[in-house]
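As you go down the protein sequences, you meet chains A and B in turn.
Heads up: the first sequence begins at 25 in this note's numbering, then just goes up one per residue.
Heads up: the second sequence begins at 25 in this note's numbering, then just goes up one per residue.
What follows is a short report on a single structure.
Protein chains: 2
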Amino acid sequence: MNTNLELEVTQLHAEICAGLADPNRILILYELSQSPRNVTELSTNLKMPQPLVSRHLKILRERGMVFPNRKGTVIEYTLADDRLIQALDLLRAVMRDGLTKRAELIEALA
Amino acid sequence: MNTNLELEVTQLHAEICAGLADPNRILILYELSQSPRNVTELSTNLKMPQPLVSRHLKILRERGMVFPNRKGTVIEYTLADDRLIQALDLLRAVMRDGLTKRAELIEALA
DNA sequence: CAAATATATGTGTATATATGAATATATCGC
DNA sequence: GCGATATATTCATATATACACATATATTTG
Numbered sequence: 025m026n027t028n029l030e031l032e033v034t035q036l037h038a039e040i041c042a043g044l045a046d047p048n049r050i051l052i053l054y055e056l057s058q059s060p061r062n063v064t065e066l067s068t069n070l071k072m073p074q075p076l077v078s079r080h081l082k083i084l085r086e087r088g089m090v091f092p093n094r095k096g097t098v099i100e101y102t103l104a105d106d107r108l109i110q111a112l113d114l115l116r117a118v119m120r121d122g123l124t125k126r127a128e129l130i131e132a133l134a
Numbered sequence: 025m026n027t028n029l030e031l032e033v034t035q036l037h038a039e040i041c042a043g044l045a046d047p048n049r050i051l052i053l054y055e056l057s058q059s060p061r062n063v064t065e066l067s068t069n070l071k072m073p074q075p076l077v078s079r080h081l082k083i084l085r086e087r088g089m090v091f092p093n094r095k096g097t098v099i100e101y102t103l104a105d106d107r108l109i110q111a112l113d114l115l116r117a118v119m120r121d122g123l124t125k126r127a128e129l130i131e132a133l134a
């Protein structure tokens, strides 16, 4: 059962990663890391059509990465876990260093 | 130009995340985090068809997440950056806590 | 209840992704 | 150069993803 369970876990692991694998969702997550926001605020601040924001929020919700909270007229979304931002920051640093290294290689060839 | 450059960066950011967003690639990355491995070793250890391993390695290569090194007959792949594993571990912890919380909620309802 | 506002969903479509099976390419030792 | 082994690619296909546009649902206030 080890193998089968592990595969299941790895599948879930991949689904969380897939939650990060879209530019618009990354923008949403960073925006929420500042403070909770409702859908309209996200749509306005990120200049994204509201239905698109809703759909991405649904994806993040389903993966437990954000959660909704009704505040009167409005639904406020909150980042579920700061470690999501930590992970994004790590990956951004990996990307930056990779690009730097590549640039240095090109430099060295000149 | 700010906006445009930032979008480009976010796009690259998302592509690295997408590199993690597949169970087989997650397995490959964890395997490489133990030590460098050649394609056949990966294929054997992870019980994945060799062409499938090659294809996933290509994806990881293109994103600068692993790099190849010929060692005689064999091509040894190395994890490009340990922070990829750190990020994966963070995300796995997020997942685990999310599942735990959900389980407790279900428990509370019983 | 009706109107107004906030949020979510349906549809169509274009594009990307993952995979098996077969095959191609490359490198080493002779 | 040839045979053997290691790695990569092509093809066909099934499935998932992202998006615009239109529309539906829900909640609050009057």
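Cβ atoms here follow ideal geometry from the backbone N, Cα and C, with glycine treated the same way.
Only a predicted model underlies this, so the values are computations on that prediction, with no experimental measurement involved.
Exercise for the section: Could you tell me whether the Cβ of A:P47 comes closer than 8 Å to any Cβ of chain B? Expected result: yes
Exercise for the section: Verify the CB distance criterion: does A:A42 have a CB-CB separation below 8 Å to chain B? Expected result: yes
Exercise for the section: Would you list the one or two residues that DSSP bridges to B:V92? Expected result: In the sequence under discussion, the amino acid at residue 92 of chain B is Pro, which differs from the Val named in the question. Paired residues: B:Y101.
Exercise for the section: Check the Cβ of A:A117 against every Cβ in chain B and list those closer than 7 Å, keeping chain order. Expected result: Correct list: R107.
Exercise for the section: Along the alpha helix (DSSP H) that carries B:D121, what are the first and last residues, could you check? Expected result: 107 to 133
Problem - Exposure label - A:L29; buried when at least 16 CB within 10 Å - result: exposed
Practice task
Let me know the secondary structure DSSP gives B:R87 once reduced to three states.
Solution key: coil
Handout entry: Interface residues of chain B facing A:Q35 [CB-CB closer than 8 Å]
Key = Close partners of A:Q35 in chain B (Cβ separation under 8 Å): P47.
Exercise for the section: Report yes if the C-beta distance between A:A45 and B:A104 is below 8 Å; otherwise report no. Expected result: no
Problem - Beta-carbon proximity check, A:P75 vs A:E100, cutoff 8 Å - result: The answer is no: Cβ separation not under 8 Å.
Problem - chain A contacts made by the segment 48 to 73 of chain B, where a contact means CB separation under 7 Å - result: I50, L51
Practice task
Measure how close the beta-carbons of A:R87 and B:H37 come, nearest whole angstrom, since I'm counting them as under 8 Å.
Solution key: In fact, because the Cβ distance is near 18 Å, the residues do not count as touching under 8 Å.
Exercise for the section: Check whether the Cβ atoms of A:L84 and A:V90 sit closer than 8 Å, and answer yes or no. Expected result: Yes, the pair counts as a contact, with Cβ atoms nearer than the cut-off.
Exercise for the section: List the residues of chain A whose Cβ lies closer than 7 Å to the Cβ of B:A111, in chain order. Expected result: A111, L114, L115
Exercise for the section: If I'm right that B:N34 touches A:L51 with Cβ under 8 Å, what's the distance once you round it to whole angstroms? Expected result: Per the sequence presented here, residue 34 of chain B reads as Thr, with Asn not at that position. Between A:L51 and B:T34 the Cβ distance is about 6 Å, and since that is below 8 Å, they are a contact.
Practice task
May I have the straight-line CA-CA distance separating A:K95 from A:T102, to the nearest angstrom?
Solution key: 12 Å
Practice task
Within the same chain, show all residues whose beta-carbon is closer than 8 Å to that of B:Y54, passing over the 5 residues directly before and after it, in chain order.
Solution key: Result list for B:Y54: I109, L112, in chain order.
Practice task
Please confirm whether A:R107 and B:V118 have their CB atoms less than 8 Å apart.
Solution key: yes
Exercise for the section: Could you list which residues in chain B have their beta carbon closer than 9 Å to that of A:A134, in chain order? Expected result: Chain-order list of chain B residues neighbouring A:A134: empty, with the shortest C-beta distance near 21 Å, by a criterion of under 9 Å.
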